[in-house]
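Colleague: Each residue of the sequence shown is one higher than the last, beginning at 136 in our numbering.
Can you read through this structure? Questions will come right after.
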Amino acid sequence: MHVVGNIEKKQMTQYTSYDLTTWGKPFQIRKNTLPKPVGQEVLVRVTAAGLCHSDLHVQKGYMDLGEEGKLTFAERGAELPMTFGHEIAGLVEDIGPEVSSVKIGQQVLVFPWIGCGQCEACQENRESDCTLMRIIGLKQKGGFATHCLVENEKFLVDIDGLDAADVVPHACSGITVYNALEKLGDLRDNEWMAIMGCGGLGLNAISIARAMGFENIIAVDIDDAKLEAAREMGAVKVLNNKSENSVAELQKLSGGRLIGVLDTFGGASTGNIAVRALSKSGRYIIVGQAGGDFLMPQVWLPQKAMTIRGSHVGNSPQLRALIEMVRAGKIKQMPIERRPLSEINQAVEDLANGRVMGRIVFQPDEEDSIEA
Ligand SMILES: [Zn+2]
Ligand SMILES: [Zn+2]
136 MHVVGNIEKK QMTQYTSYDL TTWGKPFQIR KNTLPKPVGQ EVLVRVTAAG
186 LCHSDLHVQK GYMDLGEEGK LTFAERGAEL PMTFGHEIAG LVEDIGPEVS
236 SVKIGQQVLV FPWIGCGQCE ACQENRESDC TLMRIIGLKQ KGGFATHCLV
286 ENEKFLVDID GLDAADVVPH ACSGITVYNA LEKLGDLRDN EWMAIMGCGG
336 LGLNAISIAR AMGFENIIAV DIDDAKLEAA REMGAVKVLN NKSENSVAEL
386 QKLSGGRLIG VLDTFGGAST GNIAVRALSK SGRYIIVGQA GGDFLMPQVW
436 LPQKAMTIRG SHVGNSPQLR ALIEMVRAGK IKQMPIERRP LSEINQAVED
486 LANGRVMGRI VFQPDEEDSI EA
């Protein structure tokens with residue numbers, strides 16, 4: 136208790152987070168001192184935090200580099216204990232004295248892909264190409280918590296009037312596919328694109344591709360229920376790639392004009408199909424990080440004039456553009472499963488086992504949000 140003049144004001148001093156304390160182990164509840172924002176910092180009370188596939192990789196502690204072994208997050212400079220979660224939305228709870236663009240109580244979405252601010256990429260607002268990223272939810276504390284301190288107001292996007300849980304995946308899944316689709320470039324009326332993997336990234340990719348004007352979309356997944364959801368999101372054709380004839384079937388479905396593949400899974404199984412099914416001058420863009428190695432005859436690159444390109448997350452202008460598209464009603468909402476944050480370990484297991492349709496979005500439990 137804290138007495139201010141005649142008014143008794145209950146002052147919150149702690150907040151709750153679900154942290155990783157040991158690589159490969161479950162997330163654990165922890166109590167932390169509530170930070171007081173200084174300068175241009177903003178304290179956000181989290182109301183929605185999306186669970187991304189990359190949170191599963193960080194929990195495991197490494198990425199699969201196939202023949203090259205593993206790349207651990209410890210090698211990448213991540214330190215434990217850490218609060219992960221990089222799709223974060225909530226209400227502004229407190230602001231530093233120099234903050235001028237957001238108000239207390241405003242609903243905001245956090246842009247988590249913070250660059251160094253100094254390099255050429257950062258100067259051009261291409262934070263995703265910065266080599267010294269200080270990602271929120273990896274290098275600094277993220278959204279699997281009741282509160283999140285954001286280092287500068289410029290990393291917040293206004294989402295007042297929108298449903299926080301519905302739009303929070305755009306901070307990662309949305310801009311990741313938006314960035315990749317811009318790299319994939321335009322298609323002619325008789326050309327086709329395959330979107331491989333119909334999880335949280337893939338379903339959002341279909342919806343955003345449609346909003347960007349792409350129509351000839353073939354959704355590819357091994358789960359018929361997810362392919363059904365893909366049709367709902369706007370895929371014109373679907374293919375279950377459990378089939379041994381996936382390459383021939385994709386070529387047939389596209390009338391021999393498969394010009395783009397956006398791979399949201401990013402494993403050997405999808406890579407092997409993509410480079411074989413693409414037509415001449417085809418473009419294969421990989422955003423998923425399931426990992427491993429895929430093999431292809433090197434001569435195909437010149438012979439098929441093929442482009443293979445990776446794309447990593449997205450940039451702050453793209454997040455603002457996406458939210459404008461949401462406000463304009465252009466983006467069909469992908470399925471969202473709302474779950475209490477305290478069930479994070481069950482959610483991780485369900486996502487790892489392919490039991491999630493669309494995105495799981497956590498909402499902090501009421502008792503955690505009130506006070507310790
Ligand atoms: Zn993510
Ligand atoms: Zn930079």
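Idealized CB from N, CA, C, for every residue including glycine.
Since we're looking at a predicted model, the values are computed, not measured.
1) Pair every Cβ in the region 374-381 with every Cβ in the region 429-444, then say whether three or more of these pairs are closer than 8 Å.
2) Identify which residue in Pro161, Lys238, Pro232 and Gly201 has its Cα closest to the Cα of aspartate 190.
3) For glutamate 459, is the classification buried or exposed, using 16 other Cβ atoms within 10 angstroms of its Cβ as the cut-off for buried?
4) If you draw a straight line from the C-alpha of glycine 252 to the C-alpha of alanine 306, how long is it?
5) Alpha carbon to alpha carbon, how far is isoleucine 343 from leucine 319? Give it in angstroms, no decimals.
6) If you run the structure through DSSP and keep just helix, strand and coil, what is asparagine 167?
7) Of the residues Glu203, Asn407, Arg211 and Gly417, which one's Cα is nearest the Cα of methionine 441?
8) Determine the direct distance from the alpha carbon of isoleucine 223 to that of glycine 277, and round the result to whole angstroms.
9) Give the range of the alpha helix (DSSP H) segment to which alanine 256 is assigned.
10) Measuring from the CB of serine 236, is there a heavy atom of ligand 1 at a distance below 7 Å?
11) Please return the same chain residues whose Cβ sits closer than 7 Å to the Cβ of aspartate 301, not counting the five positions on each side in sequence.
12) Checking the sheet assignment: what are the DSSP bridge partners for valine 422?
13) Hey, could you find the ends of the beta strand (DSSP E) proline 432 is sitting in?
14) So, isoleucine 294 versus valine 243, is the Cβ gap smaller than 8 Å?
15) Assuming proline 304 contacts glycine 332 under a Cβ cut-off of 8 Å, what Cβ separation, rounded to an integer in Å, is found between them?
Modeller: On the basis of the data shown:
1) No: fewer than three Cβ pairs fall under 8 Å.
2) Per the Cα distances, Pro161.
3) Exposed is the call here.
4) Inter-residue distance for glycine 252 and alanine 306 is about 19 Å (C-alpha atoms, whole angstroms).
5) Here the alpha carbons of isoleucine 343 and leucine 319 stand approximately 13 Å from one another.
6) Secondary structure of asparagine 167 (DSSP, three-state): strand.
7) Comparing Cα positions, the closest option is Gly417.
8) Each residue's Cα considered, the two are about 8 Å apart.
9) That run of the alpha helix (DSSP H) goes 255-258.
10) Result no, Cβ not under 7 Å from ligand 1.
11) Result list for aspartate 301: Gln468 and Ile471, in chain order.
12) DSSP, once it has assigned bridges, lists no residue as partnering valine 422.
13) Bounds of any beta strand (DSSP E) do not take in proline 432, whose DSSP letter is neither H nor E.
14) Yes, these two residues count as a Cβ contact at 8 Å.
15) Actually they do not touch by this definition, with Cβ atoms about 15 Å apart.
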